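Here is the structure we will look at, set down as structure tokens.
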Amino acid sequence: MKLLVVLPLWALFAVTQQKAPSDDCLCELISSEKQFPYDKLKAAQDAALGCTNIVTPQKSAALDSLLLGLSRRLPQLEQDVAMLEKEDDGELFGVLSLHIIENELVEIQQMIDKLNRTTAESDRLSENVAQQLENVQEEMEELEKFDTMQVVKRQQANQRLKRDLDQCRNNGVFPTIQPTQPIGGACPHGRLVNITGPRVHTAGEYPGSYKYGAWGRDPKPEPGKESWHWRVMLTSSNIYAHYVRLYSSLSSLIVGISVPGNVHIHPSNPTTNTIQGPNVVLYAGALYYNCYNKDAVCRFDLTSKGVTTLDLPKGTRYNSKGNFCHLEECYPFTDLDLATDESGVWVVYTTTQDHGNLVLSKVEEGEPPKLSRTWRTSVYKRSVTNTFMACGVLYATRFVSKNTEEIFYSLDTTTGKESFKVGIFINKVSSDILSLNYSPVDQMLHVYSDAQMLSYKVLFQMW
């Protein structure tokens with residue numbers, strides 16, 4: 000006996016069921032739809048991945064750095080020419096000034112040539128990527144025809160709805176929930192709400208060399224030095240340094256022209272009162288850092304070349320016994336972290352009495368400097384990768400991944416309130432952030448990361 004049953008299934012399939020002589024049921028599934036072309040989907044995915052690999056943030060950052068360098072160098076050149084026209088004595092001063100201007104013109108021309116090459120390369124990449132994306136779009140439109148259940152269309156509708164909601168939030172139609180509420184009302188900028196960038200990304204004059212170090216600007220510069228930048232590289236064993244390198248502008252730092260050059264603390268390295276560890280700051284013409292082989296802060300006056308010291312409380316951990324860490328490693332000789340903000344210099348450390356928790360102290364200017372008020376926290380220092388100060392608030396970061404760092408903790412020194420729910424993320428270009436410091440001059444966050452110098456914009460929101 001043979002039983003033949005035909006069942007409608009979503010008007011797509013015909014099912015034939017037979018009773019075999021062995022009493023087993025066999026089903027034959029015949030699809031009325033075309034077979035899905037998985038090979039085309041894989042090709043489209045590979046093409047999209049190729050576009051992603053071609054267009055990288057590093058290439059965009061290189062172009063931005065060149066444009067920024069030119070925007071800084073050209074006004075400086077105009078000032079130098081104006082000064083030469085005003086003060087030319089027809090003798091040695093005029094000759095030297097003219098020679099400097101000639102050198103600046105050569106350097107600017109080199110930057111313009113490099114910018115032209117970079118722009119031409121970017122144009123070629125843009126054309127290639129645009130053509131590849133157009134091809135991918137055509138392939139995806141063909142593949143969407145196989146989506147009989149309209150899953151893709153529903154996803155696209157959801158994405159449009161999400162984008163519209165985000166625009167409403169950004170335009171103020173709906174109240175935005177901020178990630179943190181740690182800052183007191185004393186900050187003239189408001190409260191810190193985000194970090195964007197990097198705005199600057201450069202290896203300077205030593206690409207790939209000197210993994211550990213720090214860089215930045217003096218928040219309280221001497222007259223005439225407002226545009227100066229500085230850099231400290233740990234030149235001995237990635238631990239020690241004995242000079243600070245000065246640059247007359249950010250563009251000079253980017254292209255690697257150090258004028259006035261190095262200011263030495265001591266001819267040899269390491270030795271008494273030279274630099275130990277990467278967490279260094281410059282404030283009011285003086286360099287603050289962890290003294291070599293001591294639980295103390297050194298203050299090096301760049302003008303007088305004198306060094307004074309500030310002893311930290313008994314039990315302060317030093318010589319790589321109280322480092323910043325994450326799960327995979329600790330950053331050596333980061334026991335002391337110096338920081339600057341609108342009010343001056345701060346030092347972050349830990350002590351045996353505080354069981355390894357962060358301790359924050361305000362450093363009062365003077366020769367020697369002194370400690371004033373101290374705050375004790377409930378955050379363990381070895382769970383932190385770095386700290387910085389902004390508007391009297393201590394912020395701590397932690398390692399999330401090789402591409403992301405999170406500002407997760409804050410301490411408001413005005414109210415004494417702590418928060419572990421800051422939730423602001425920093426996009427990294429390299430795995431490890433080895434020094435981090437806020438510049439109140441331009442509200443930038445200066446980062447030294449695996450021999451690279453970066454700066455991020457700190458965004459505040461008024462109360």
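In numbering that gives the first Met the number 0, the protein residues as written are 0 to 462.
For every residue, glycine included, the Cβ atom is placed at its ideal position computed from N, Cα and C.
These figures come from a predicted structure and were not determined experimentally.
- In the DSSP assignment, Leu370 falls within the unbroken beta strand (DSSP E) covering Lys369 to Tyr379.
- Distance from the CA atom of Ala81 to the CA atom of Ile100, rounded to whole angstroms, is 11 Å.
- Taken in chain order, the unbroken stretches of beta strand (DSSP E) that lie wholly in the region 379-443 and span 3 residues or more are 385-389, 392-400, 403-411, 423-426 and 434-438.
- The C-alpha of Phe407 lies about 6 Å from the C-alpha of Phe419.
- Pairing Tyr288 with Asn261 gives a Cβ-Cβ distance that is not under 8 Å.
- Out of Gly391, Leu357 and Ser409, the CA that lies nearest to the CA of Thr376 is found in Leu357.
- With fewer than 16 other Cβ atoms inside 10 Å of its own Cβ, Cys26 counts as exposed.
- Looking at Thr373, Leu69, Asp310 and Tyr205, the one whose alpha-carbon comes closest to that of Pro367 is Asp310.
- The region 273-289 makes contact with the region 338-355, as at least three CB pairs between them are under 8 Å.
- By the Cβ neighbour-count rule, Tyr37 is exposed, with fewer than 16 other Cβ atoms within 10 Å of its own.
- A contact is defined here as three or more CB-CB pairs under 8 Å, and the region 438-456 meets this definition with respect to the region 189-209.
- By the criterion of a C-beta distance shorter than 6 Å, Asn272 is surrounded in its chain by Cys290, Cys297 and Val306, once the five residues flanking it on both sides are discounted.
- Here Leu335 is near Gly276, since their CB atoms are less than 8 Å apart.
- Restricting attention to Cys329, Ile111 and Tyr379, the CA atom closest to the CA of Ser70 is found in Ile111.
- By the beta-carbon neighbour count (other beta carbons within 10 angstroms, threshold 16), Val105 is exposed.
- Leu359: member of the beta strand (DSSP E) spanning Asn356 to Glu363, first to last residue.
- By the criterion of a C-beta distance shorter than 6 Å, Glu363 is surrounded in its chain by Lys369 and Ser371, once the five residues flanking it on both sides are discounted.
- At the C-beta level, Val135 and Ala240 stay beyond 8 Å of one another.
- Boundaries for Leu311: no beta strand (DSSP E) harbours it, and the DSSP string shows neither H nor E there.
- For secondary structure counted as the alpha helix (DSSP H) over 4 or more consecutive residues, the region 224-299 holds these complete runs in sequence order: 249-254.
- Of all alpha-carbon atoms in Leu73, Ser121 and Tyr348, the one lying nearest the alpha-carbon of Ser360 is that of Tyr348.
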